[in-house]
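Engineer: Residue numbers (the UniProt record's numbering): 1 to 244.
Glycine included, every Cβ here is placed at the ideal spot set by N, Cα and C.
#1: Which partner residues of residue 129 appear in the DSSP bridge assignment?
#2: Using the C-alpha atoms, what's the distance from residue 143 back to residue 246?
#3: For the beta strand (DSSP E) holding residue 45, just list the boundary residues, first then last.
#4: For residue 146, which residues of its own chain have a beta-carbon under 7 Å away from its beta-carbon, when the five flanking residues on both sides are left out?
#5: Count the other CB atoms within 10 Å of the CB of residue 208; is the residue buried (16 or more) or exposed (fewer)?
#6: By DSSP, does residue 12 sit in helix, in strand, or in coil?
#7: Along the chain, where does the beta strand (DSSP E) that runs through residue 154 open and close?
#8: Using CA coordinates, which residue listed in 220, 27, 33, 50 is at the minimum distance from residue 16?
#9: Residues in its own chain within less than 6 Å of residue 124 by CB, not counting five upstream and five downstream?
#10: In whole angstroms, give me the CA-to-CA distance for residue 29 and residue 43.
#11: Can you list, in chain order, the residues of its chain with a C-beta nearer than 6 Å to that of residue 121? Leave out the 5 residues immediately preceding and following it.
#12: Taking buried to mean at least 16 other C-beta atoms within 10 Å of its own C-beta, is residue 168 buried or exposed?
#13: Quick check on residue 104: does DSSP put it in helix, strand or coil?
#14: In whole angstroms, what separates the C-alpha of residue 106 from that of residue 85?
Set out below in structure tokens:
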């Protein structure tokens with residue numbers, strides 16, 4: 001599979017390889033390219049540490065926001081590109097964020113911490129598509145499925161349960177049965193997530209290509225634990241529910 005990378009993205013990846021490190025585009029941009037959509041932005045993952053990235057791109061402005069999580073933003077002609085070191089995440093004690101982040105030299109370790117198979121693919125022109133968890137097949141079959149055990153993924157970050165519904169609504173994909181069951185069994189975890197993060201995902205569902213997939217909020221009992229932010233949101237859900 002060949003993807004056409006924007007010149008600046010290709011430049012960044014080639015520059016990192018010239019310095020004997022790996023680099024790939026990763027996540028949503030790979031998913032969107034496979035689906036035939038133009039990615040909104042390109043996230044780049046690499047075996048190089050933030051310190052090394054700053055040295056490689058010393059002739060460009062580098063922004064350190066996110067550096068504690070391994071991310072350095074490189075500015076090229078006013079365009080900002082996030083470059084993140086392969087990482088392993090520690091224990092999630094609050095169902096929101098890991099206690100610590102460790103860097104790794106292995107792409108597989110980085111990909112297997114991600115939420116869904118369709119978001120756990122990487123690509124560069126040298127190696128082609130790296131798909132260790134069947135994301136491309138799941139795209140072909142229009143399925144939302146977690147990477148590995150869904151109970152583990154949702155215990156790590158409860159917002160992933162609503163994100164599953166959001167991707168289902170955006171792409172008109174079905175949520176895989178085991179993933180859906182895990183959302184049902186873990187619905188109460190959503191109480192640990194901030195209202196701001198929930199509202200952002202909820203609004204994306206309402207504005208998606210298939211907003212009627214909001215029915216998953218009922219099927220999984222997630223709605224029982226959500227604080228709907230306004231009467232307007234309640235009315236939107238009620239109207240969508242009538243159409244199902």
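Structural biologist: Short version:
#1: In the chain shown, the residue the question calls residue 129 occupies position 129. 123, per the DSSP bridge assignment.
#2: No information on residue 246 is available, as it lies outside the stretch 1 to 244 that the chain covers here.
#3: The sequence position of residue 45 within the chain shown is 45, counting from 1. Residues 43-46.
#4: Taking the first residue of the chain shown as 1, we reach residue 146 at position 146. Within the same chain, residue 146 has close Cβ partners 115, 116, 153, 179.
#5: Numbered from 1 along the chain shown, position 208 holds the residue referred to as residue 208. Classification of residue 208: buried, given that the 10 Å Cβ count is 16 or more.
#6: Residue mapping note: residue 12 aligns to position 12 of the chain shown, counting from 1. Helix at residue 12.
#7: Locating residue 154 in the chain shown gives position 154, counting from the first residue. Note, residue 154: premise wrong, no beta strand (DSSP E); alpha helix (DSSP H) at 150-156.
#8: If you number the chain shown from 1, residue 16 lands on position 16. Measuring from the Cα of residue 16, the nearest candidate turns out to be 50.
#9: Here the question's residue 124 lines up with position 124 in the chain shown. The residues are 13, 24.
#10: Taking the first residue of the chain shown as position 1, residue 29 is located at position 29. Taking the first residue of the chain shown as position 1, residue 43 is located at position 43. Rounded to the nearest angstrom, the two C-alpha atoms are 7 Å apart.
#11: Within the chain shown, numbered from 1, the residue matching residue 121 stands at position 121. Here the set comprises 30, 131, 135.
#12: For this step, residue 168 is matched to residue 168 along the chain shown. Residue 168 comes out buried.
#13: As a position in the chain shown, residue 104 is number 104, starting the count at 1. Reduced to three states, the DSSP call for residue 104 is coil.
#14: Position 106 of the chain shown, counted from the start, is the residue given in the question as residue 106. Position 85 of the chain shown, counted from the start, is the residue given in the question as residue 85. So the two alpha carbons sit approximately 10 Å from each other.
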